[in-house]
Structures are given as structure tokens and as C-alpha cells.
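According to this note's numbering, the sequence shown holds residues -8 to 217 in order.
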Amino acid sequence: MRKIILALGAVILTIAVQAQKQDYRSAIIAFYNLENLYDTVNNPLVSDEEFLPNGPRNYTGAIYRDKLKNLATVISQIGIEVNPDGPALLGVAEVENDTVLKDLVAQPLISKRGYKIVHYDSKDIRGVDVGLLYNPRYFSVISSDKLYVQLPGGSKDSYFTRDILWVKGKLNGETVHVYVNHWPSRSGGEERSRPAREAAAAVCRKHLDSIQQLEQSSIARNCRAM
């Protein structure tokens, strides 16, 4: 039994996975920071005031629609020199909610790909999350979860940050585990921010180790039953 682990942070990958018929198919795997993709509706639970029509950025509906169009233009071009369908998996960061992702995948330039969405709201103070867009022609979801990152006291500020997204699925018939990461930034300096980034890395590592142990145990039980 093979496992493929994909940790998406800042990459564009072309991978070949072996399908059940023993032939190989390529798949484009990418990560895209959408840089403050907010809607224009105030959410009193997060600090989104900067991205409202009456906020300091004058973030109007027209600006939001232009941003969606521009992002879709970029996504429509990723990896098409290898596969005209573009990314089979696209990890995204800095999205306010699933509404903005639904609006994004509905853009005419990419709507025909039929992207599906995996997203969870996090406790990030700014209300930005990570998510996964996937093309159901290549990938199907088995399970998913959000991995909470507790920032240690004294690392920048001990505030809530975005979760890590874990998705298990089948990519061209092969089981894969996808981790979408957007760790705390280095703002405030490398030394001050390092504990926060190390905390996020430890959460990802611990979960990955637990997955490997669980699947190794499952293989061993199956072998004993044969």
C-alpha cells in the first residue's frame, strides 16, 4: 500500500500517480495565496473592517468582483502547458469564508472545471483561513479535518491563528494526504516569530506521524488476517 503526502505551502508540482490499470496520469498540484480574499459583508466575529465598502480600503463590490476575475485568470493558466484542465488540487490561503471560494470557482474562466471546495472556518483573528479546491475528475475526498494550532505564549502575541487543513482522498486512484499550510508570518522578526512557526510545524508533523502509524497498523492487521 502506497501513501502520498502533499504539504502545500508555496509550490506548483506536477506528479505522476499510478492508476489501477497500471498506467500513469499526470496531475497538477499547486498552492496560491489569494491575499485577503474577503467578501464585502461585515462579520462581527472577526476583524474584517478594513475590507468593507466603508472601510479604509473602500473595498466595494466592484473591487471584489475585479479581484475574483483577476484571481480566476491566474488560476486558469496554472499548469495548462502540462494538462489543459489545470490544477487537480489547489491549496489556497487568506480566504475569509466558503462564500468567497464559491464565488471564485463560479468565475467563467474556471467554472467549467467544476472545482469543489474543502474549507473550515478557523479562529484566526483576521478571519482568514486556508482551503482546498479540487477537480472531481481527478480527486475525490475520503475525509478531512482542520488541525488547530495553539500559539505559545511569548511568540509574537499569543492569539488565534489559522488552522492547518488536512484532506485525505483518492488522486487518480491513489490514496493521498494533503496538508494545506499557511503558517504565522515572520513579521516582527525571525527570532520573535520562530516559536509560532515551529508550533504550526509541530502540529503538522504530529498529525502526519499519527496517520503513518495508523495505516501501518492497518496493514499489519490485514496481513495477520490473510
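We put the beta carbon where it would ideally sit given N, CA and C, even for glycine. In this text the structure is predicted, and so the values were computed from the model without any measurement.
Measure the alpha-carbon distance for H198 versus P175 and round it to whole angstroms. Going by the C-alpha atoms only, they are around 18 Å apart.
Span of the beta strand (DSSP E) holding I101? Taken as a continuous stretch (DSSP letters only), I101 belongs to no beta strand (DSSP E), as it is neither H nor E.
Leaving out five residues on either side along the sequence, give the residues of the same chain with a beta carbon under 7 Å from the beta carbon of V158. If we look at V158 and ignore the five residues flanking it on each side, its Cβ neighbours are V109, L123, V132, S135, V169.
Helix, strand or coil at A97 [DSSP, three-state]: Here DSSP, grouped into helix, strand and coil, assigns A97 to coil.
Check whether the Cβ atoms of V223 and L162 sit closer than 7 Å, and answer yes or no. Since the first residue shown for the chain is -8 and the last is 217, residue 223 is missing from the structure and cannot be characterised.
Could you tell me whether the segment 71 to 85 touches the segment 38 to 46, where touching means 3 or more Cβ pairs closer than 8 Å? Look at the beta carbons and you see the segment 71 to 85 not touching the segment 38 to 46: under three pairs across the two are nearer than 8 Å.
Using only the alpha-carbon positions, how far apart do A190 and V171 sit? So the two alpha carbons sit approximately 15 Å from each other.
Tell me the rounded alpha-carbon separation between D115 and P127. Just so you know, the alpha carbons of D115 and P127 end up roughly 29 Å apart.
Does the beta-carbon distance from L59 to L95 come in below 7 Å? In this structure, L95 lies closer than 7 Å to L59 by Cβ.
In chain order, what residues of the same chain have a beta carbon less than 7 Å from the beta carbon of G139, not counting five sequence neighbours either side? First, the residue type needs correcting, since residue 139 is Tyr and not Gly in the sequence shown. Around Y139, the same chain offers D154 as residues with beta carbons nearer than 7 Å, after the five sequence neighbours per side are excluded.
Express the C-alpha separation of N45 and V65 in angstroms, rounding to a whole number. Rounded to whole angstroms, the gap between the alpha carbons of V65 and N45 is 28 Å.
Using a Cβ-Cβ cut-off of 8 Å (strictly less than) and excluding sequence neighbours within five positions of N33, which residues of its own chain qualify? Only D39, E40, L43 meet the Cβ criterion.
Measure the beta-carbon distance from Y111 to D120 and round it to whole angstroms, keeping in mind my assumption that it falls under 8 Å. A Cβ-Cβ separation of about 7 Å places Y111 in contact with D120 under the 8 Å criterion.
Does the distance from the C-beta atom of L100 to that of S67 stay below 7 Å? The answer is yes: Cβ separation under 7 Å.
Please check the pair P143 and P75, which I expect to be a contact at CB under 8 Å, by giving their CB distance rounded to whole angstroms. Actually they do not touch by this definition, with Cβ atoms about 46 Å apart.
Return the chain-ordered ranges of every alpha helix (DSSP H) run that is complete within the segment 122 to 191 and spans a minimum of 4 residues. Counting only unbroken stretches of 4 or more residues, no alpha helix (DSSP H) element lies wholly within the segment 122 to 191.
So what does DSSP say about I3, is it helix, strand or coil? Residue placement at I3 cannot be trusted, given a pLDDT of 46 that sits under 50; what the coordinates show is reported in the next sentence. I3: strand per DSSP, three-state reduction.
Below 6 Å CB to CB, which residues in the same chain sit around A21 once its five sequence neighbours on both sides are set aside? In its chain, beyond the 5 residues on either side, I3, I69, P78, L81 have a beta carbon closer than 6 Å to the beta carbon of A21.
Where does K93 land, buried or exposed, given buried means 16+ other C-beta within 10 angstroms? K93 is exposed by the Cβ-count criterion.
Please classify R104: is it buried, with 16 or more other beta-carbons within 10 angstroms of its beta-carbon, or exposed? R104 counts as buried, since no fewer than 16 other beta carbons sit within 10 angstroms of its beta carbon.
The ligand ZN and T31: does the residue's C-beta get closer than 6 Å to at least one heavy atom of that ligand? In terms of ligand content, the structure shown is empty, and the ligand ZN therefore cannot be addressed.
Straight-line Cα distance separating D30 from Y55: Across the structure, Y55 and D30 are spaced so that their CA atoms are roughly 7 Å apart.
Restricting to Cα atoms, I'd like to know which of I19, N88, Y50, A63 is closest to E72. Nearest of I19, N88, Y50, A63 to E72, Cα basis: I19.
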